[in-house]
Structures are given as structure tokens and as C-alpha cells.
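Read in the numbering used here, the first sequence has 5 at position 5, and its numbers run on one by one without any break.
Even for Gly, the Cβ is constructed at its ideal location relative to N, Cα and C.
Treat the numbers as computed from the prediction; the structure is a model and nothing was measured.
What follows is one structure encoded as C-alpha cells, with my remarks underneath.
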Amino acid sequence: MITQTPKGTRDILPSESYKWQFLERQIADLCADFGYKEIRTPVFEHTELFQRGVGDTTDIVQKEMYTFLDKGNRSISLRPEGTAGVVRSYIENGMASLPQPVKLYYNISAYRYEKMQKGRYREFHQFGVEAFGSKGPSIDVEIISMIKLFFDRLGLKNIGLNINSIGCPVCRKQYNDKLKEYLRPSLGDLCGVCNDRFNKNPLRIIDCKEEKCRKVTVGAPSILENLCEECKNHFEGLKSGLDNLGIKYNVDKNIVRGLDYYTKSVFEFISDNVGAQGTICGGGRYDGLVESCGGNPTPGIGFGLGIERLLLEMESQGIVIPEQKEIEIYIAAIGEEADIYAQKLVFDLRSKGIAAEKDLMNKSLKAQMKYADKLGAKYSIVLGEDEIKNSKATLKNMKKSEQAEIALDSLYEEIINRR
RNA sequence: GUGGAUAUAGCUCAGUUGGUUAGAGCGCCAGAUUGUGGCUCUGGAGGCCGUGGGUUCGACCCCCACUAUUCACCCCA
């Protein structure tokens, strides 16, 4: 059907769009306070970028990307997340020669071919941040505190923060070997997917929800206890930094994140109101990503925050978002002459920044008043022959039902004075 | 990819053991003595009853398929 949006997409109608605009303003303010500048990258990139950047072994790349050949026979993919494009841009535009760290944010749509569910769409929107060049835990703390403040400003409560460290390539390799050793005898008891994971990414087995796999992994060595000295110190630095800011967190050894590029710190903000898709925000450090995409070795960290899920959470917490500015004055006109006069009056008011409306449907006076009421106009005036002849009219306060005689050429001042 | 639920007006939903012109509330439009909204009343527009087959004298209702929506698994924002 051509009168239906494609699966997993939807229209954002005026009854919703003001909420999005509100969040966009909040995001811009937040990022200004933290010194993050906006970056806009293309909706599509070369498929190889995501294969390299997000990871060949991930579900996202293997089965969820919108990939197609363009007319020049290039393999193109719609972005399934925001980080890869930003990393590409960092390298391409030589941002390594900018003052470090480079702190960027974006507010984008992203695309994944997934089965629909509450809080999960094929076209979804993400507010994300990426910071390049800083390897200490202090920027990890900054980024987490930024999200925390964002939620606080929106009035959200009870959003849990889980953190973990998944180590660097060095200690993760050692840990993986240890884990494989532990799991090898019980390989037959693991699910099929985990048998695949055993060679590709054994860390993910810890995260498996299958009952039989959990049984096997109960006593498995944890990555946290097997971090190298540097990673351990980094994680301690993150925790004490959060303590210092009074940010509560829970260490969850099972957070692994589905994207391959993460190293050291990973974190997620969780709600139980959104349904099965409770992760409102997820992120972490990716110290090897810039290099593996072809840049010089550069540490990085970032997060992605799902706008749809955020809105669901705000709704379930009963948070009211202010609507667009109301119509200040409705000018009702009777007859053709008055209508022409009203057109000019409305234009003059609008030119000066006053939201004004007039009839466009040839409605009766009564219907015009009704319409003014539905628009939520604060004031109305009625223009007929007499008013135009005398240059005077009655200004009516719609809420209080009070009326006052005013001169037409002082209408602007009268409205301003009543604000 | 696996499993469940659902599909009637713009929205939220009724619709009798299968029976003749398919209903309500909200919303929209217009009126209720000629120039003033909200409350009330009256009227109107608006439905291929998701699509296609089947059973039946007869299907919104029963059966099958498809499509779409939705929830969960998985994955993730």
C-alpha cells in the first residue's frame, strides 16, 4: 500500500513534533555547556566503513544493514549507528591536528532491518557524542555525567546506570584464553550460537540469556578480575570519578555491548518502563577504532541515546513537554473589505513577531470565534465596517472574557503591554 | 530468524446462535432569529468491516492463505 509507511518507520506529526524540537533544544544546550560541537555526516556511507568500524561479526552488520549498490556499482549502506561515520570524518578531515580532545555530538536517524517491537524501529533516532584524543578516565566520567545531567534536566527519575570494563586487546586476549579453557569441557552444554561465539568472541557467551549457557558460565572467570594493570587503574579512576560527582552506578560484569569496537569502559542507562528495550542509552570507550579505520592510533569514547525510547520513558513518567508558542491574537473579519484589512493587520503583527491568525475559510463570525478558541488564541478582535471607519475595535481576552476598546493602530502596543 | 495476539469511521471501541439500510463516543463541518468562542441541543459528512479465496440460500461474524499491526525471544538505541 502506498498510503502506509514502510515497516518500522513512522510519521512524526505536529502532535508529537514539538516534543522532538524540545529535545533538540535541550540537547544543543547540554552540549554547549559541555563543550561539544555538532557534526553532521551523511545518512549513507561505503559499506566497508561499517564492516570495519562496527565489526564484521556483529548482528548489525551481518543481518541488519540496509545495503544496496548505487548506479556506479558501489556498495552503499544506510548508517546503522552514528560512531563509524564520525570516526571516518575525524580521519578524513585531519581532526587529529585540531586542539585535543575533539568533542563532537550528533542528532541523527539511523537504520537497522530488525523485527519491530516496542521502542525498536527500523528508522530510529539517536543523540550521540564522540570524544577523541583523551585516554584517561576523566573524559569517561565527563561523558557519563553529561547523560546524567541530561536526564536530571528533563526531570527523569530512576534511570539505572550500569558500568563495566571489558579490557584492552592485551588483557582481553589473555582473558579470552582463560575463559575458553574454562568453557572447553562444557562446550556441548552451550547453545548453538554460543558454540559459534566460542571462537569468534567468547566474551559474549557470558552475556547469553539461554538457561543452559548461564548454568555453565556461573563460575566462569570474570573479565573484571583479569584486567591488566592499566585497565584496572582506568576502571578505578572511572569509579572514583563518578563517586566524586555523586553519581550512583552499579557494576554489572555482564555488560558486553554488541558492537565489536568497545574497549575498557562500557556503560548503559536502563529503565524498566520501556518494555523489553530498556536500554535508553549505551556507550563506551573505543581506543582501537580510529586506527582500525585507517587513522593514527587515537583513543575515543562515546555513547548513543535512543530518542524514541527516551520519549517513551518520559511519557511513562508523566513528564509534560511545553508546546509551541500559542496564537496571541485572532482577527475575525466580517465582509470583504474587513478581510483585506485583516490580512494587512495580521501580516504587520507577524512581521513584529506576534503570532496572529485570520480566517482563511470564509467562515461566519461565530465559526471564526470558535476557531479562535480551538487555536488557543489569547486575544481576539472583530473587524467590521464600523471598526475600520473609526479605527477602533474591541480587544477581547479569550480566557477571562474581558473586553477593552482600543485604537487599531496601537494594536501591537496593546498586546505587548498585556503580556 | 522463532513464537503469541490483533485487524470495523480520522481516533477509541460496540456489533446478538451467521439474517435484510453496520452503530456509539470523541474529533471534523453546519445550524439553534440577522456582529462574539467554551456548556447544551439539532443536523451533516465520513466505512470495499485489512486483502484474496472458501463454506452457506445468506458472512463483519465460521475456515484457509496473504498482508499489516503489536508483544515477547534474539539483538540493540
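- Its chain contains 237, 241 as the residues whose beta carbon lies nearer than 8 Å to that of residue 138, once the 5 sequence neighbours on both sides are disregarded; these appear in chain order.
- Boundaries cannot be given for residue 378, as no alpha helix (DSSP H) includes it and DSSP labels it neither H nor E.
- Between the beta-carbon of residue 220 and that of residue 190 there is about 11 Å, and that puts the pair past the 8 Å contact cut.
- With fewer than 16 other Cβ atoms from the protein chains shown falling within 10 Å of its own Cβ, residue 361 counts as exposed.
- Annotation: the continuous alpha helix (DSSP H) that includes residue 170 extends over 169-183.
- For residue 90 and residue 347, the gap between their C-alpha atoms comes out near 46 Å.
- In this structure, DSSP gives residue 57 a state outside helix and strand, which the three-state scheme calls coil.
- For residue 395, the enclosing beta strand (DSSP E) has its first and last residue at 392-397.
- Secondary structure of residue 141 (DSSP, three-state): helix.
- For residue 242, there is no enclosing beta strand (DSSP E); the residue is found in the alpha helix (DSSP H) stretching over 229-244.
- Counting only runs of at least 3 residues, the segment 303-347 fully encloses the following beta strand (DSSP E) elements, listed from N- to C-terminal order: 329-333.
- The three-state reading of DSSP puts residue 372 in helix, counting H, G and I together.
- Segment contact: the segment 286-296 against the segment 313-325, fewer than three CB-CB distances shorter than 8 Å; contact not assigned.
- Pairing residue 30 with residue 150 gives a Cβ-Cβ distance under 7 Å.
- Nearest to residue 110 by C-alpha distance, out of 97, 116, 124, is 124.
- When DSSP states are grouped into helix, strand and coil, residue 89 belongs to the helix group.
- If you look at residue 30, you'll find it in the alpha helix (DSSP H) that goes 14-34.
- Ranking 203, 95, 208 by CA distance to the CA of residue 223 puts 203 first.
- Classified as buried, residue 306 has 16 or more neighbouring CB atoms from the shown chains inside 10 Å of its CB.
- Taking a C-beta distance under 7 Å as the contact criterion, residue 263 and residue 194 do not qualify as a contact pair.
- When Cβ pairs closer than 8 Å are counted between the two stretches, the segment 265-275 is seen to touch the segment 152-172, the count reaching three or more.
- In terms of Cβ geometry, residue 105 and residue 36 form a close pair [threshold 7 Å].
- Under the three-state reduction of DSSP output, residue 40 falls in the coil class, being neither helix nor strand.
- Between residue 412 and residue 320, the alpha-carbon positions lie close to 31 Å from each other.
- Taken through DSSP and simplified to helix, strand or coil, residue 164 comes out as strand.
- Excluding its 5 nearest sequence neighbours in each direction, residue 130 has C-beta neighbours in its own chain below 7 Å: 83, 86, 104, 300, 302, listed in chain order.
- Non-local C-beta neighbours of residue 18 in its own chain, meaning closer than 6 Å and more than five positions away in sequence, comprise 323, 324, ordered along the chain.
- With respect to residue 341, residue 388 sits close: the two C-beta atoms are nearer than 7 Å.
- For residue 126, the pairing in a beta bridge is given by DSSP as 108, 306.
- Counting along the chain, residue 282 sits inside the beta strand (DSSP E) bounded by residues 279-285.
- Taking C-beta atoms as the reference points, residue 171 and residue 228 count as a pair closer than 7 Å.
- Bounds of the alpha helix (DSSP H) holding residue 413 are 411-417.
- An exposed status is given to residue 68, since fewer than 16 other beta-carbon atoms sit within 10 Å of its beta-carbon.
- Ranked by Cα distance from residue 245, the first of 143, 93, 333, 398 is 143.
- Around the beta carbon of residue 350, fewer than 16 other beta carbons sit within 10 angstroms, so the residue counts as exposed.
- Put simply, the backbone Cα of residue 334 is about 7 Å away from that of residue 365.
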